[in-house]
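> Sharing a structure, written as structure tokens. Questions coming.
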Amino acid sequence: MKLCKLMTISRSAYYTWLKRPAKLITAEQFSLYRKAKAIFGESRNSLGYRTLRKRLCKEGFSVSAYGVQKLMAQLGLVVTQRVAYKVTTKRKHSDAVADNLLNQNFNPHAH
Numbered sequence: 318m319k320l321c322k323l324m325t326i327s328r329s330a331y332y333t334w335l336k337r338p339a340k341l342i343t344a345e346q347f348s349l350y351r352k353a354k355a356i357f358g359e360s361r362n363s364l365g366y367r368t369l370r371k372r373l374c375k376e377g378f379s380v381s382a383y384g385v386q387k388l389m390a391q392l393g394l395v396v397t398q399r400v401a402y403k404v405t406t407k408r409k410h411s412d413a414v415a416d417n418l419l420n421q422n423f424n425p426h427a428h
């Protein structure tokens with residue numbers, strides 16, 4: 318019961334979960350799960366369900382788009398969107414460039 322307190326769940330929820338029968342999966346489903354995870358990992362978590370479905374079909378699996386959506390949810394595969402590059406420096410500006418008052422010579426070969 319310490320586990321229930323630690324996880325902040327009720328005892329009844331724990332025992333309901335405990336009594337639930339284990340779900341068996343077929344060898345084909347297992348290989349589909351493994352291949353989907355591998356393809357998704359190779360893409361650095363960037364494939365959506367449409368592209369993942371196309372790649373799985375190329376590998377010989379017969380799966381629908383909805384099936385891939387469910388599969389991604391079950392396996393916890395979430396797409397990480399790339400952040401677009403944002404230029405932070407204006408190269409063409411009319412502002413005055415500050416004078417080099419310190420005469421800094423950053424030549425790495427000068428010792």
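Its first residue numbered 318, the sequence shown is counted upward by one per residue in the working numbering. Ideal placement from N, C-alpha and C gives every residue a C-beta, glycine not left out.
1. From Gly393, Lys387, Tyr350, Ser363, pick the residue whose C-alpha is nearest to that of Glu376; which is it?
2. Let's test the definition: count the other Cβ atoms within 10 Å of the Cβ of Met318 and tell me whether it reaches 16, buried, or not, exposed.
3. Please confirm whether Ser363 and Thr397 have their CB atoms less than 8 Å apart.
4. Once DSSP output is grouped into helix, strand and coil, what is the label at Ile356?
5. How is Arg361 classed by DSSP in three states: helix, strand or coil?
6. Quick one, which of Thr343, Ser329, Ala344 has its alpha-carbon nearest Arg337's?
7. Go to Tyr331, then tell me how far its alpha helix (DSSP H) extends in each direction, as first and last residue.
8. Please return the same chain residues whose Cβ sits closer than 6 Å to the Cβ of Ala401, not counting the five positions on each side in sequence.
9. In whole angstroms, what separates the C-alpha of Tyr383 from that of Ala415?
So, from the data block:
1. As a position in the sequence shown, residue 376 is number 59, starting the count at 1. Distances from the alpha-carbon of Glu376 to those of Gly393, Lys387, Tyr350, Ser363 put Tyr350 closest.
2. Taking the first residue of the sequence shown as position 1, residue 318 is located at position 1. By the 10 Å Cβ count, Met318 comes out exposed.
3. To locate residue 363, count along the sequence shown from 1; it is residue 46. To locate residue 397, count along the sequence shown from 1; it is residue 80. Going by C-beta atoms, Ser363 is nearer than 8 Å to Thr397.
4. In the sequence shown, residue 356 corresponds to position 39, counting from 1. DSSP places Ile356 in helix when its eight states are reduced to three.
5. The sequence position of residue 361 within the sequence shown is 44, counting from 1. Here Arg361 sits in coil by DSSP.
6. As a first step, residue 337 must be located in the sequence shown, where it is residue number 20. Ranking Thr343, Ser329, Ala344 by Cα distance to Arg337 puts Ser329 first.
7. Position 14 of the sequence shown, counted from the first residue, corresponds to residue 331. 328 to 336 is the span of the alpha helix (DSSP H), which, as asked, contains Tyr331.
8. Numbered from 1 along the sequence shown, position 84 holds the residue referred to as residue 401. Hits under 6 Å: none found.
9. Counting from one through the sequence shown, the residue named residue 383 turns up at place 66. Counting from one through the sequence shown, the residue named residue 415 turns up at place 98. Rounded to whole angstroms, Tyr383 to Ala415 spans 60 Å at the Cα level.
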